[in-house]
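If you read the protein sequences in the order shown, they are chains A and B.
Throughout the first sequence, residue numbering follows the working numbering, covering 146 to 358 in sequence.
Throughout the second sequence, residue numbering follows the working numbering, covering 146 to 358 in sequence.
2 protein chains.
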Amino acid sequence: MRGDARRARNMTIQKATHVYWHQGAITRNDRERLNGHPGFTIWFTGLSGSGKSTLAVASEEALYERGFHTYILDGDNVRHGLNKDLGFSPTDREENIRRLGEVAKILRDCAIVNLVAFISPYRKDRRMARSLSEDGSFVEVFVDCPVEVCEKRDPKGAYQKARQGIIKSFTGISAPYEPPEKPEIHLRTDQLSVGECVHQVMSYLKTNQYISC
Amino acid sequence: MRGDARRARNMTIQKATHVYWHQGAITRNDRERLNGHPGFTIWFTGLSGSGKSTLAVASEEALYERGFHTYILDGDNVRHGLNKDLGFSPTDREENIRRLGEVAKILRDCAIVNLVAFISPYRKDRRMARSLSEDGSFVEVFVDCPVEVCEKRDPKGAYQKARQGIIKSFTGISAPYEPPEKPEIHLRTDQLSVGECVHQVMSYLKTNQYISC
């Protein structure tokens with residue numbers, strides 16, 4: 146494990162001691178051979194209403210059509226299941242992302258291309274999720290859209306509720322968003338269509354040999 | 146959702162409100178078509194040293210050889226990652242299994258045959274994990290071995306530490322184990338070889354049309 150990965154893993158202290166690691170007979174390589182491709186993570190970060198879920202869904206479709214094994218981890222959906230015990234405080238957001246990062250790791254191990262759509266507003270939390278991945282299996286996509294435009298779209302009526310104070314700690318209104326400094330892909334969704342954005346994602350994946358077709 | 150599933154999900158209160166469900170374009174059916182089979186869960190429960198991990202590894206190998214997409218969720222391994230913040234108190238054990246159950250659900254959604262090897266000592270927790278699955282996609286395997294035999298095997302030296310009081314809340318010694326009442330498969334690992342046990346698992350899966358070969 147690299148140093149930064151070790152540090153990130155140590156952010157949450159392991160409570161269970163006397164726990165051993167069991168190596169299976171079937172390895173990640175075996176699963177990649179069966180699927181015909183390795184697993185990797187495409188992590189969409191951005192404000193609510195910026196288009197993360199829309200782009201994850203459209204990108205998944207494009208990948209599935211090319212024969213890839215895919216899965217979407219949508220922040221909202223995961224909050225109905227695995228992360229239902231977590232809210233929106235900074236600590237809960239961190240734990241949210243830690244768990245998502247661990248599930249993304251499991252899915253990479255399954256040779257599945259997993260697309261994570263999650264506001265993930267803090268740089269250090271995204272860095273932690275990335276640190277769980279092996280080199281080059283993590284593609285960060287900054288879904289960039291001015292908050293005014295997101296607020297106009299407001300597909301879930303969430304901005305309105307945030308302005309009214311009904312929703313507390315709302316990213317972009319009453320909680321901070323730290324834009325990525327060096328995302329692998331930067332998409333201006335106020336200027337590009339969904340199709341154009343997906344094209345950019347696919348081009349990046351092809352140029353960087355994640356996909357061959 | 147069935148009533149018992151709804152009740153089980155409500156055991157953990159959803160903290161995040163104003164969260165919407167995003168339906169992807171690629172469905173579970175699409176993934177099953179791509180993999181050539183649906184996903185299901187084989188849940189191995191039993192004492193430490195009863196042979197859960199060994200049987201999960203050997204069963205995975207047998208399934209992979211038949212062309213199935215597989216993954217092992219080993220309790221010990223998960224405690225190094227997703228569940229590293231949890232210990233061995235009854236509440237932590239419950240949360241451990243809740244998360245494992247949710248990840249197993251994600252893997253079923255990916256059309257992956259997932260094998261869970263986890264002591265999972267409490268009936269109500271196993272019931273909760275089962276309730277997250279759709280009818281018939283959850284196969285409970287009781288890995289049954291007298292505690293005296295497990296203690297003699299003691300592959301990790303854990304029983305010795307439990308007897309010395311170094312490990313607290315150790316299932317079978319200082320914490321209870323509730324055997325399954327109606328497991329789909331019941332294996333006496335003190336009487337059968339690993340090969341015989343795997344044969345029983347495969348026979349069950351074939352007879353009940355989880356697998357065809």
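Note that CB positions come from ideal geometry on N, CA and C, so glycine has one too.
{"query": "Could you confirm whether any beta carbon from chain A is found closer than 7 Å to the beta carbon of residue 169(B)?", "result": "yes"}
{"query": "When DSSP labels each residue in this structure, what does residue 243(B) get in the three-state scheme?", "result": "helix"}
{"query": "Using 7 Å as the limit for Cβ to Cβ distance, is residue 365(A) near chain B?", "result": "Residue 365(A) lies beyond the residue range present for chain A, which begins at 146 and ends at 358; the question has no answer from this structure."}
{"query": "For residue 308(A), which residues of its own chain have a beta-carbon under 7 Å away from its beta-carbon, when the five flanking residues on both sides are left out?", "result": "318"}
{"query": "Between residue 202(B) and chain A, is the shortest Cβ-Cβ distance under 7 Å, so that the two count as touching?", "result": "yes"}
{"query": "Can you tell me whether DSSP reads residue 216(A) as helix, strand or coil?", "result": "strand"}
{"query": "Going by DSSP, name the residue or residues bridged to residue 316(B).", "result": "320(B)"}
{"query": "For residue 178(B), count neighbouring Cβ atoms within 10 angstroms of its own Cβ and tell me buried if that reaches 16, exposed if not.", "result": "exposed"}
{"query": "Going by beta carbon distance, what residues of the same chain come within less than 7 Å of residue 379(A), once the five residues before and after it are set aside?", "result": "Outside the modelled stretch of chain A, which goes from 146 to 358, sits residue 379(A), for which no answer is possible."}
{"query": "Does the beta carbon of residue 206(A) come closer than 7 Å to any beta carbon on chain B?", "result": "yes"}
{"query": "Taking 7 Å as the CB-CB cut-off, is residue 247(B) touching chain A?", "result": "yes"}
{"query": "Quick check on residue 256(B): does DSSP put it in helix, strand or coil?", "result": "coil"}
{"query": "If the cut is a Cβ gap below 8 Å, which residues of chain B does residue 250(A) touch?", "result": "226"}
{"query": "Can you pull the chain B residues whose beta carbon is under 7 Å from the beta carbon of residue 215(A), in chain order?", "result": "171"}
{"query": "Does any residue of chain A bring its CB to less than 7 Å from the CB of residue 295(B)?", "result": "no"}
{"query": "For the beta strand (DSSP E) holding residue 186(A), just list the boundary residues, first then last.", "result": "186-190"}
{"query": "Less than 7 Å between C-beta atoms, sequence neighbours within five positions excluded: which residues of the same chain meet that for residue 350(B)?", "result": "356"}
{"query": "Counting only runs of 3+ residues fully inside the segment 322-358 of chain B, write out the beta strand (DSSP E) ranges in chain order.", "result": "330-333"}
{"query": "Flag this pair as yes or no: are the beta carbons of residue 259(B) and residue 216(B) separated by less than 7 Å?", "result": "yes"}
{"query": "Thinking just about the alpha-carbon of each residue, which of 345(A), 343(A), 252(A) is nearest to the one in residue 185(A)?", "result": "252(A)"}
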